[in-house]
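Undergrad: Following this message is one structure expressed as structure tokens.
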Amino acid sequence: MKCYLFCKDLILFVFQLFAFFYLASGNLASEKRILLEFKSSVFDPSGVLSSWNSSNNPNHCSWFGVSCNSRSQVISITVPGGCREVSEGNFAQPCSCSSKLSKFPFYGFGLRRSACSKGKLVGNLSPLVGKLTELRVLSLAFNDIGGEIPLELWGLQNLEELDLEGNSLTGKLPNEFVGLRNLRVLNLGFNELEGEIPGSFSRFVDLEVLNLAGNKLKGSMPSYVGSFHKLKGLYLSNNQLKGPILENFGSNCRYLEYLDLSWNFLVGSIPSSLGNCPRLRTLLLFSNMLDGVIPNELGQLHKLEVLDVSRNNLSGLIPMELGNCAQLSVLVLSNLFDPVLSEQSSSEELSFRLPLATTDEYNHFRGSIPMRITTLPKLKVLWVPRANLEGKLARNWSGCENLEMVNLAQNRFSGEIFGVFNGCKKLHHLDLSSNRLTGELDDKLPIPCMTLFDISGNLMSGSIPKFNQSVCPGFSSLSYGLLQTRDPAFVYLSFFAYKTRHAMVFPFSSSKAVLIHNFGGNSFSGSLPGLPVVPTRLEKQIDYAFLAGGNKLTGSFPGSLFGNCNKLHGLIADVSKNKLSGHIPFGIGAICRSLRYLDVSENQITGLIPRCFGYLKSLVFLDLSRNKFRGPVPEVLHQLKYLKHLSLASNNLTGSIPSSFAQLRSLEVLDLSSNLLSGEIPQGLLDLRNLTSLQLNNNKFSGEIPSGFSNLKSLSMLEVSSNDLSGSYAVNNTDVREKPLLRSHHLFSLSVRSAETTFTGSSQIGAASPSSNTIDDQSLDSIEIASIASASAIVSVLLVLVILFFYTRKWVPMSRVQVSETREITAFVDIGVPLTYEAIVQATGNFSAGNCIGNGGFGATYKAEIAPGTLVAVKRLAVGRFQGVQQFHAEVKTLETMRHPNLVTLIGYHASETEMFLIYNYLSGGNLENFIKERSTRAVDWKIIHKIASDVAHALAYLHDQCNPKVLHRDVKPSNILLDDDCNAYLSDFGLSRLLGNSETHATTGVAGTFGYVAPEYAMTCRVSEKADVYSYGVVLLELISDKKALDPSFSSHANGFNIVSWACMMLRQGQAKDVFTARLWDSGPHDHLVQLLHLAITCTVDSLSARPTMRQVVRRLKRIQPSSVR
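Structure (structure tokens):
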């Protein structure tokens, strides 16, 4: 019996053991099939999964990227995409293989990266992966896996790390699922996920890393995130999240090291509770809509290394408590650069000035830089341009031994910099441009070792010293490449170097490294020493820019600048607008063959133009204008095959234009005006197909005008007046008519003989006179005589009325008070040519109707070319409506402080008892009213519409929110919105109501706006607020998207008061939103964004003032629907 029982138990054990191994082998086979199924569901062009082959390698645990436990169950699948480099250490920057991530250099600090493979997997993620029940890690980052995340994955009970970063996953995140109880890392960054962050994620109580950055997620920041007590890294950047940052977020963040909420629509203030995160190393909040102040509590973050709060609407003082952050290496409080990398640069322009920001996304602080910040021992980057800072810089930045980059440009700092930065031995980037700094430069300042030194646009004086440095501690340059490093400070250093390299615009530079020393726009005097560069930095891989234009430098032409020129890859030299004299050395062509840019205009240089200029084969830009050169134009200049800009204007050159100039095929600008040149205009100039501007006026040229200029497609400016020329060419050519500069200059007299209009040149032509305008030899008939008599009578009546008007005004009679009439121009901006009263009057033709380009409630606007190629717009004000001269001066100076990228620039003004006018920059794109009329002839798409709407909104938001006191425009309409050639929009006529006299009340129509754009509350109260500007803006939006005017004639069949707002509301109620838009705009889409813009316009024009948004809210709503290409 015992034997029977023993045998029975043995058989049962053997059976169970057999069953166990059978089931185990079945499970293993099943897991192998799942892996093979996954392999078959993706495209593997690089053979990354070539080892996944059961025939050659039956052990699936040895397959690439697969790890198993002791029972051969799959616990990890790690197959990253095709990155080229393996990062060192635990923390690294994004792999360079992902083009999506490469544009965002500040993303991913602290994210762990896996080793990268040789290729990418393409396809969808197999749901069968959800049957790998023991799976702990699934990492398929940086592949090209699309589709939705299978629901089966959300049911894995043991999964601890889900890393699908940098793929193309779509769909929404699930609201309900049963697994992932042990999840520690959820990395879904940079996919195409939509919807809101679901409440179901609140179950991830052990989460250490949550990365949802770079998707299309909307909604607000989930409240439960604050309860993730183990969280080390939170990355929600580059989404569409709105609302405030959780106020209590910092109450449970003792392990948090990395917080990135940048590139969203977050509003409100920065929570002071963030100061309770003792391990926080990186805090990125840039590119949101945050306001308020920087909390003092952030000074408690003793481990903080990076703080970037730029591109918000922050204000107040910079807290001195930040000086307690002893580990801080990067402090960015404002940033005019878009924090996205792009290879595009405006390489066609020859400009050395940094561009203004394209939006008003910048902070507006008070006060100065606290001294405690300047003593931070590990600070490497201090970046605070255009942040409204003022005061004097702290003397002797004692803690700056590690400081490498400082940008305090475009603020209002005053005082001296003597001795301030002398101890900053590693400083290689110092931008203090456009401040109010005075005093002299210290020869101990390590400028020769600096990659960028920019002191331009200040009030500095003294000489440019011969600096003492002979050895530099290290070399850094404005290079193209971004450093791939786990140190965030180096990422910022490299990013700012890269952006500055592109913003400074060197189209002729092929070098990847540039040194820039800019002393321009000051009052430096004396002679120039040699190049302020340490000799060891002179090498063939470097382009060096020495910029000293707009000073008071004297002495002979600085030949010493070119002594080491041939050691450089390229030299850019600008010493224009000084008082230099003497000759240009005849050996310059031999000693400086790497010269690429030379501007010595507006000096007192004499002698001949050296023939050796022909040896400067790398020369791209040459400007010798406004000097005292004599002799012929050197024929050897035709050898400069890369030359794009040649200006020899306003000298004493004689002879003819060399016929060999036809070989300058790269030439875009040729200015030989105001010389003593003679002979004929060479026919060969017609071969210069890249020519955009040709100025030959004020010479002694004779003969026929070549007839082919109208065929030069790129030519937009032609000036040949004041010569002895004859000939004609047709202007009814469409291409020519679209080039206003070809028609707006008084090139030739106008002769009308038939339907075809021609310009005719003649030696007798100057100002038009009866003798020179031979319209017809026949005498005047009776109709013409009657017309002239009627016109004379009308003029006489008008003259009497004007006289009566002046006498009825409450002015002090001139017989009582002797007024000393002044003809001075007050200039705020240096435009390169002197501004005089006589020049303005002459350029406007004494304010003739032919130069009038617009009329408004405040006066007429005239186009004026005050120098060849220099155009301004002059707004002549109706004197009787404005204040007295003294009050006018005071108000205009206030008006001058209103500076914004989307406001026209006030260049200067004139004010006297009998004449008042304002001088603005001239914008060649015309106004929005004409743009709308001519829309059918243009390719106007959603991107252009959004850009115009956004630009105007930013300008109004600035006037309402950032001017103190706030400024109401009161006449927002298309004709007051100007455009440049790139459809950037600029608001004009802002602040003019401040200039009105006491007799002008709020009830004045010219002040309150234009009929059709005036808010309805004005009819009842005769008073306006900023919400009236919002209403007018809404009307402009409706005109911009439709083919209707504010008071369109088609509305006449409706009741009185029916306007474009009534029509748009009616179309919406009838479900015909599509019909509001022009057909071309609707067809080009995107429809959802267009409809949102329509709703925004309607919201701006509701009757209730409280229901209308502020312009700041309008800016935010526009940002949410901006085209993806401009994000």
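Mapping of the sequence shown onto the UniProt record's numbering: position 1066 corresponds to residue 1066, and the numbering continues sequentially without gaps. All residues carry an ideal CB built from backbone N, CA and C; glycine is no exception.
Do the stretch 846 to 863 and the stretch 829 to 837 touch if we need at least three Cβ pairs shorter than 8 Å?
TA: no
Undergrad: Secondary structure at H364, three-state DSSP: helix, strand or coil?
TA: The sequence position of residue 364 within the sequence shown is 364, counting from 1. In this structure, H364 counts as strand in the three-state DSSP scheme.
Undergrad: Quick one, which of C983, N603 and R33 has its alpha-carbon nearest W52's?
TA: As a first step, residue 52 must be located in the sequence shown, where it is residue number 52. Ranked by Cα distance from W52, the first of C983, N603 and R33 is R33.
Undergrad: Less than 8 Å between the CB atoms is what I'm expecting for L266 and L241, so what's the real figure, rounded?
TA: Locating residue 266 in the sequence shown gives position 266, counting from the first residue. Locating residue 241 in the sequence shown gives position 241, counting from the first residue. Right, the Cβ-Cβ distance comes to about 6 Å (below 8 Å), so this counts as a contact.
Undergrad: Which residues share a DSSP beta bridge with T606?
TA: To locate residue 606, count along the sequence shown from 1; it is residue 606. In DSSP, T606 forms a bridge with K628.
Undergrad: Specify the secondary structure class of H745 as computed by DSSP and reduced to three states.
TA: Sequence index remark: in the sequence shown, residue 745 carries index 745 (1-based). With a pLDDT of 29 at H745, under the threshold of 50, the modelled position of this residue cannot be trusted, and the question is left open.
Undergrad: With a cut-off of 8 Å, does the C-beta of P244 fall near any C-beta of chain C?
TA: As a matter of chain content, chain C is missing from the structure shown, which is built from one protein chain.
Undergrad: According to DSSP, is I785 part of a helix, a strand, or is it coil?
TA: Here residue 785 refers to the residue found at position 785 when the sequence shown is read from its first residue. Note that I785 scores a pLDDT of 37, beneath 50, so its modelled location is shaky and nothing firm can be said.
Undergrad: Three or more C-beta pairs closer than 8 Å, one from the stretch 905 to 917 and one from the stretch 943 to 955: is that the case here?
TA: no
Undergrad: Would you report the Cα separation of S754 and S710, rounded to the nearest angstrom?
TA: Residue 754 sits at position 754 when you count from the first residue of the sequence shown. Residue 710 sits at position 710 when you count from the first residue of the sequence shown. Low confidence applies to S754: its pLDDT is 28, below 50, so where it sits in the model is not reliable, and the reading given next is rough at best. Distance between the alpha carbons of S754 and S710 is about 20 Å.
Undergrad: Put Q1092 into one of helix, strand or coil per three-state DSSP.
TA: The residue you call residue 1092 lines up with position 1092 of the sequence shown. Reduced to three states, the DSSP call for Q1092 is helix.
Undergrad: Is it the case that the Cβ atoms of N423 and W383 are separated by a distance below 8 Å?
TA: To locate residue 423, count along the sequence shown from 1; it is residue 423. To locate residue 383, count along the sequence shown from 1; it is residue 383. For the record, residue 423 in the displayed sequence is Gly; it is not Asn. Not a contact, by the Cβ cut-off of 8 Å.
Undergrad: Any contact between the stretch 1071 to 1086 and the stretch 1101 to 1108? By contact I mean 3 or more CB pairs, one from each, below 8 Å.
TA: no
Undergrad: Locate the alpha helix (DSSP H) running through K700, then write down its first and last residues.
TA: As a position in the sequence shown, residue 700 is number 700, starting the count at 1. Where K700 is concerned, there is no enclosing alpha helix (DSSP H), although the beta strand (DSSP E) it sits in stretches over K700 to E704.
Undergrad: What is the C-beta distance between P271 and R254, in whole angstroms, given that I count them as a contact (C-beta under 8 Å)?
TA: Translated into the one-based positions of the sequence shown, residue 271 becomes position 271. Translated into the one-based positions of the sequence shown, residue 254 becomes position 254. 16 Å between Cβ atoms; not a contact.
Undergrad: Quick one: grab the DSSP three-state call for Q410.
TA: What you label residue 410 is simply residue 410 of the sequence shown in a count that begins at 1. If DSSP states are grouped into helix, strand and coil, Q410 belongs with coil.
Undergrad: Please determine, among S525, F586 and L445, the residue with the shortest C-alpha to C-alpha distance to P532.
TA: Sequence index remark: in the sequence shown, residue 532 carries index 532 (1-based). Among S525, F586 and L445, the Cα nearest to that of P532 is on L445.
Undergrad: Beta-carbon separation of N458 and N363 under 8 Å?
TA: The residue labelled residue 458 in the question sits at position 458 within the sequence shown. The residue labelled residue 363 in the question sits at position 363 within the sequence shown. Contact: no.
Undergrad: In angstroms with no decimal places, state the Cα-to-Cα distance between N518 and L408.
TA: Within the sequence shown, the letter at position 518 stands for residue 518. Within the sequence shown, the letter at position 408 stands for residue 408. If I take the Cα positions, the gap works out to 15 Å.
Undergrad: Hey, E680 and S666: beta-carbon distance below 8 Å or not?
TA: For this step, residue 680 is matched to residue 680 along the sequence shown. For this step, residue 666 is matched to residue 666 along the sequence shown. Not closer than 8 Å, so no.
Undergrad: Check whether the stretch 212 to 226 and the stretch 245 to 263 touch, using three or more Cβ-Cβ pairs below 8 Å as the test.
TA: yes
Undergrad: Tell me where the beta strand (DSSP E) around H517 begins and ends.
TA: Residue 517 sits at position 517 when you count from the first residue of the sequence shown. Element bounds for H517: A513 to N518.
Undergrad: DSSP on G526, reduced to helix/strand/coil?
TA: Indexing the sequence shown from 1 puts residue 526 at position 526. Three-state DSSP puts G526 in a strand.
Undergrad: If I measure Cβ to Cβ from D574 and keep anything under 6 Å in the same chain, skipping five residues before and after, which residues do I get?
TA: Translated into the one-based positions of the sequence shown, residue 574 becomes position 574. Correct list, in chain order: L547, G549 and D599.
Undergrad: In whole angstroms, what separates the C-alpha of S787 from that of G850?
TA: Numbered from its first residue, the sequence shown carries residue 787 at position 787. Numbered from its first residue, the sequence shown carries residue 850 at position 850. With a pLDDT of only 41 at S787, under 50, the local geometry of the prediction cannot be trusted, and the value read off the model is given with reservation. Computed Cα separation, rounded: 21 Å.
Undergrad: Ends of the beta strand (DSSP E) at N124?
TA: Here residue 124 refers to the residue found at position 124 of the sequence shown. Unbroken beta strand (DSSP E) run through N124: V122 to N124.
Undergrad: Using the Cα positions of D961 and L1037, report the straight-line distance between them to the nearest angstrom.
TA: Here the question's residue 961 lines up with position 961 in the sequence shown. Here the question's residue 1037 lines up with position 1037 in the sequence shown. Going from the Cα of D961 to the Cα of L1037 covers about 21 Å.
Undergrad: Does DSSP put M320 in a helix, in a strand, or in coil?
TA: Position 320 of the sequence shown, counted from the start, is the residue given in the question as residue 320. Here M320 sits in helix by DSSP.
Undergrad: Using a Cβ distance threshold of 8 Å, determine whether the stretch 862 to 874 contacts the stretch 919 to 928, with at least three qualifying pairs required.
TA: yes
Undergrad: Roughly how many whole angstroms lie between the Cα atoms of S1053 and L1047?
TA: Counting from one through the sequence shown, the residue named residue 1053 turns up at place 1053. Counting from one through the sequence shown, the residue named residue 1047 turns up at place 1047. If I take the Cα positions, the gap works out to 12 Å.
Undergrad: Output the boundary residues of the alpha helix (DSSP H) element that contains W1063.
TA: Looking up residue 1063 in the sequence shown gives position 1063. Residues I1060 to R1069.
Undergrad: Could you work out which residue in L686, C1065, H583 and L452 is closest to A503 when comparing CA atoms only?
TA: Position 503 of the sequence shown, counted from the first residue, corresponds to residue 503. For the residues L686, C1065, H583 and L452, the minimum Cα distance to A503 belongs to L452.
Undergrad: Check E404 in the structure and name its three-state DSSP category.
TA: Mapped onto the sequence shown, residue 404 falls at position 404. Coil, per DSSP.
Undergrad: For W383, which residues does DSSP report across the bridge?
TA: Here residue 383 is taken as the residue at index 383 of the sequence shown, counted from 1. Note: W383 sits in a beta bridge opposite V332 and N407.
Undergrad: Relative to the C-alpha of N976, which residue among R876, D989 and S1062 is closest?
TA: Residue numbering aside, residue 976 sits at position 976 when the sequence shown is read from its first letter. Checking every option, the nearest Cα to that of N976 belongs to D989.
Undergrad: What is the DSSP secondary structure of R596, counted as helix, strand or coil?
TA: Position 596 of the sequence shown, counting from 1, holds the residue named residue 596. In this structure, R596 counts as strand in the three-state DSSP scheme.
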